[in-house]
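J.: Encoded as structure tokens, here's the structure I'll be asking about.
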Amino acid sequence: MEWLKDTVEYGIIGFLIILSIIAVAIAIERYMVYRHIKLENFLDKKSLEIDLTKKLHVIATIGSNAPYIGLLGTVLGIMLTFYTMGVEGFVETSKIMVGLALALKATAVGLLVAIPSVALYNFLLRKVKVLILQWEIRNGRERV
Numbered sequence: 000m001e002w003l004k005d006t007v008e009y010g011i012i013g014f015l016i017i018l019s020i021i022a023v024a025i026a027i028e029r030y031m032v033y034r035h036i037k038l039e040n041f042l043d044k045k046s047l048e049i050d051l052t053k054k055l056h057v058i059a060t061i062g063s064n065a066p067y068i069g070l071l072g073t074v075l076g077i078m079l080t081f082y083t084m085g086v087e088g089f090v091e092t093s094k095i096m097v098g099l100a101l102a103l104k105a106t107a108v109g110l111l112v113a114i115p116s117v118a119l120y121n122f123l124l125r126k127v128k129v130l131i132l133q134w135e136i137r138n139g140r141e142r143v
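The structure is reproduced here in structure tokens:
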């Protein structure tokens, strides 16, 4: 069952770290786009909204699913702990604690990815709404 420990340690936690990097990279890219966007280049609101919301769904998906991926790591870590206890019969406390710590580590990393991702998504979504309202104000009315 050593492979299960590696799966949680490198697979689940590594995957969560990669997702975190992706979310932050997209958030930075979107923020830079929002800072330099020229609202006067858009003739209609729908094309503006399409350009502004591009890739935001990826950040939202990462933010909403990271806790579940962390939970999967938690379940696998606890399964590993119970398996070790079952195979070895009498187990030292240190071996049990290592498995449980691994499980909780996966949960913590999942939350550490989800919380900033959701915050970034909400921040960027607010920026999108402000830019759309600015476009509407400049154009005097809402063009569909």
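The sequence shown lines up with residues 0 to 143 when you count with numbering that gives the first Met the number 0. Even glycine gets a Cβ: it sits at the ideal position worked out from N, Cα and C. Being a predicted model, the structure only gives us computed values, none of them experimental.
1. Let me check understanding here. Comparing Cα to Cα, which of 90, 44, 24, 61 lies closest to residue 139?
2. Less than 9 Å between the C-beta atoms of residue 21 and residue 74, yes or no?
3. In angstroms with no decimal places, state the Cα-to-Cα distance between residue 6 and residue 40.
4. Residue 28 to residue 86, Cα distance in whole Å?
5. Looking at residue 11: is its Cβ nearer than 9 Å to the Cβ of residue 61?
6. Cβ of residue 113 within 9 Å of Cβ of residue 65?
7. If you measure from the beta carbon of residue 99 to each beta carbon in chain C, is any gap under 9 Å?
8. In three-state DSSP terms, what is residue 90?
9. Check the C-beta distance from residue 83 over to residue 94 and give it rounded, since I have them as a contact under 8 Å.
10. Mapping the DSSP letters down to three states, classify residue 139 as helix, strand or coil.
11. I'd like to check one pair, residue 30 with residue 128: are the Cβ atoms closer than 9 Å?
T.: On the basis of the supplied data:
1. 44
2. Residue 74 is positioned such that its CB atom lies no closer than 9 Å to that of residue 21.
3. Going from the Cα of residue 6 to the Cα of residue 40 covers about 49 Å.
4. Computed Cα separation, rounded: 50 Å.
5. Contact: no.
6. Residue 113 places its beta carbon less than 9 Å from that of residue 65.
7. Within the model displayed, chain C is absent; a lone protein chain is all it includes.
8. coil
9. 6 Å
10. coil
11. no
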